[in-house]
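Colleague: Below is one structure. I have some questions about it.
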Amino acid sequence: MSRVQLINPAQTTRERQVLLDQIQAAFGATPNMFKAAANSPAALQSMAGSFRALGAGILDAKLSEQIAVAIAQRNRCEYCLAAHTALGKGAGVSAEELADAQSGQSKDPRTAAALTFALKVVSQRAQLSDADVQALRAVGFDDEHVVEILAHVALNLFTNYINVAFDVPVDFPPVKLKPVD
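Written out as structure tokens, the structure is:
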């Protein structure tokens, strides 16, 4: 049971309805995570706006979803792991690639570097070195990519924290978290 109310789009303020209708249009459904965030229209606007902006960014959907899966696993967020596994499949990420991402790995050197960087940002609370950024540049990422990877990390931390802190019920096909190392 969620620790905060899941806002019903049909029974809320006009401001919340407009935002939730946009989510419905974008996703074809209104996931519980957005219903939880809708307790604060400002938080919902921030979350939805970040998804919109980063969805139009330079990183492709496959890499974005792999980053999200890796961070969800690291933060033990069952909701985001399930959601981004489903979204990843829709973006063309194979089951093997999703399983690898869940372990923070990839056979593709660029993806592997991005996942390593993203997880280091999470684990070390952004206390990075020049070498960490250089590792991304070594596989062809430029500063725009590097900053956008960090933006994806920040968005995923926000969504992980909403779902974990408020125990938001998972409304995507469940995916098992891997055991903690």
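Reminder that position 112 of the sequence shown reads as 112 in the numbering used here, one-by-one numbering, no gaps. For glycine and all other residues, C-beta sits at the position ideal for the given N, C-alpha and C.
What residue from A112, R14, K107, A154 has the CA that sits closest to R137's CA?
Modeller: The candidate whose alpha carbon is nearest that of R137 is A112.
Colleague: For D60, name the three-state secondary structure that DSSP assigns.
Modeller: Looking at D60 - three-state DSSP - the assignment turns out to be coil, as it is neither helix nor strand.
Colleague: When the distance is taken between beta carbons, is L54 closer than 8 Å to V69?
Modeller: No.
Colleague: Once you ignore the five residues that flank L20 on each side, which residues in its own chain have a CB closer than 8 Å to its CB?
Modeller: For L20, where only same-chain residues beyond five positions count, the Cβ hits under 8 Å are I7, P9, T12, T30, F34, K35, A38, L44.
Colleague: What do you get for M1, buried or exposed, if any count of 16 or more other CB atoms within 10 angstroms of its CB means buried?
Modeller: Label assigned to M1: exposed.
Colleague: I71: which of L115, A126, G88 sits nearest, CA to CA?
Modeller: The option with the nearest alpha carbon to I71 is L115.
Colleague: Would you decide whether Q193 is buried or exposed? Buried here means 16 or more other CB atoms lie within 10 Å of its CB.
Modeller: Since the displayed the chain opens at 1 and closes at 181, residue 193 lies outside it and no answer follows.
Colleague: Is G161 buried or exposed, if buried means 16 or more other CB atoms sit within 10 Å of its CB?
Modeller: Looking at the sequence provided, one finds Tyr at residue 161 rather than Gly. Burial call: exposed.
Colleague: Taking only the alpha-carbon atoms, compute the straight-line gap between K120 and K107 and give it to the nearest angstrom.
Modeller: Going by the C-alpha atoms only, they are around 18 Å apart.
Colleague: Rounded to whole angstroms, how far is the Cβ of R110 from the Cβ of G140, which I believe are closer than 8 Å?
Modeller: Yes, they are in contact, since the Cβ atoms of R110 and G140 sit about 6 Å apart, within 8 Å.
Colleague: State buried or exposed for E96, treating a residue as buried only when at least 16 other CB atoms are found within 10 Å of its CB.
Modeller: Exposed, since its Cβ has fewer than 16 Cβ neighbours within 10 Å.
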